[in-house]
Structures are given as structure tokens and as C-alpha cells.
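Chemist: Residues in the sequence shown are numbered consecutively from 6, following the numbering used here.
Note that the Cβ used here is the ideal one computed from N, Cα and C, for glycine as well.
I'd like to ask some things about the structure below.
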Amino acid sequence: MVTAALAPLAKRDPETDLATVTNNKSVPLRASSKMASHTFTPARSRLNASYLNLTLWTLQGWLTMFFVAAGYAKLTEPFANLVDLMRWPALVAENFVRGLGVAEIVLAILLLAPLASWKHGRPLLVMAASGLLALESVMLLVHLTGLDVGPAITNAILIAMTAPVLWFRAREVR
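Below, the structure is given as C-alpha cells:
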């Protein structure tokens, strides 16, 4: 039984055996090799990078618009309206909600900091994206514990938008 199972292994093609190919340099690789890597031309690499950059700037713009609007509402709406719209402001002090609105606006504007200075703005962008991601994660937990399904879904979508911005922009800063 064992020899019958090992028989196909003994008959294998030495050109496809990884140990044979790596240890014996004289065996040429066939064109139909299973392992293939794609090498992009410089033009294609630049095009892919520009698509990524466009996508990230679009996400940054949407996040900025959302958080400027949310922060503005927290700053200007009467506290009673905020309690009616969202349940959680009833659990905290009014100054905390207003401060959170200021923080949202500042972090949102910092998402666009590279527009003013690419050299100095990128670290600010990464800091703002990480601050917004932390804020969104905490608010997701608050909404889930309060069984607020709509705001929880909104926060999950915001996290899905902010995480790639943070990931790819942080890789650029290094």
C-alpha cells in the first residue's frame, strides 16, 4: 500500500521538483512553470500608483466632509436636539460633546494637510487618520453597546474608509 502511494512520487518530472531546480542549476525551467511573477513596466507601475493616490484622496475628501459636518452639528445644534438625534450625548456632559465636535473638525481638516505642504502635511495626515480611526472604533463600541444599529453601521463604514487611508499613507511617510 505504501509503495503504491509513493510510486507517483518516484516518477515525477525532475524539472518541476523544487529541490532539484534550486539545487541543480543545470536543469532549465520550462515555460509552463506553475510559478510566475508579474513585472510591471514603469509606466504601468506609475499608473497603478496614481489610481491608488486618487482613491486615497477621494476617501480623504469624503471623510473630511463627513467629520466637518458631524463636528459642526455637535458644536452648533442645541444639546436637546443632539440628545434626540443620538442617544449617547445624554450620558455625557455637554462640554464633552462640544469638545468632541472640535476634535472631529480639527482631525478632518488635518486629513487635507498635505494640500498645504506635502513634506510636513503627510505626518499630520497620518496622525489625523489614526486619531479618527481611534475615535471611530470607540464610537462603534458605544453604538453597539447602546444597540444603535444605524450609527454602528455608519461607524463601521467610516472605519473601512479610514483604515486604508491610514495604512497606505503611513507607508508613504517611512
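How is the alpha helix (DSSP H) around glycine 151 delimited, first residue to last?
Modeler: First-last for glycine 151: undefined, no H or E at that position.
Chemist: Specify, as a first and last residue, the run of the alpha helix (DSSP H) that methionine 70 falls within.
Modeler: 47-81
Chemist: From Pro169, Val131, Arg92 and Met166, pick the residue whose C-alpha is nearest to that of aspartate 153; which is it?
Modeler: Arg92
Chemist: Is the distance from the Cβ of alanine 134 to the Cβ of valine 170 below 8 Å?
Modeler: In this structure, valine 170 lies closer than 8 Å to alanine 134 by Cβ.
Chemist: Tell me whether histidine 43 sits in a helix, a strand or coil according to DSSP, three-state version.
Modeler: coil
Chemist: On the premise that leucine 115 lies in contact with leucine 105, defined as a C-beta separation below 8 Å, what is that separation, rounded to the nearest angstrom?
Modeler: So it is not a contact: roughly 16 Å between Cβ atoms.
Chemist: Taking just the CA atoms, how far does alanine 108 sit from phenylalanine 173?
Modeler: 23 Å
Chemist: Relative to the C-alpha of histidine 125, which residue among His148, Glu177, Met166 and Ala157 is closest?
Modeler: Checking every option, the nearest Cα to that of histidine 125 belongs to Glu177.
Chemist: Among Gln65, Phe84 and Asn86, which residue has its Cα nearest to the Cα of valine 131?
Modeler: Gln65
Chemist: Would you check if there are 3 or more beta carbon pairs closer than 8 Å linking the region 47-64 to the region 74-83?
Modeler: no
Chemist: Applying the 10 Å Cβ sphere with the 16-neighbour rule, what's the burial state of glutamate 99?
Modeler: That one is exposed.
Chemist: Kindly examine the ligand ADP and report whether one of its heavy atoms sits closer than 7 Å to the Cβ of phenylalanine 84.
Modeler: Ligands in the displayed structure: none, and consequently the ligand ADP is not present.
Chemist: Using 8 Å as the threshold, is the C-beta distance between phenylalanine 45 and asparagine 53 below it?
Modeler: yes
Chemist: Is there a Cβ of chain D sitting closer than 8 Å to that of threonine 46, yes or no?
Modeler: This model lacks chain D altogether; it includes just one protein chain.
Chemist: Tell me the DSSP secondary structure of methionine 91 in three-state form.
Modeler: coil
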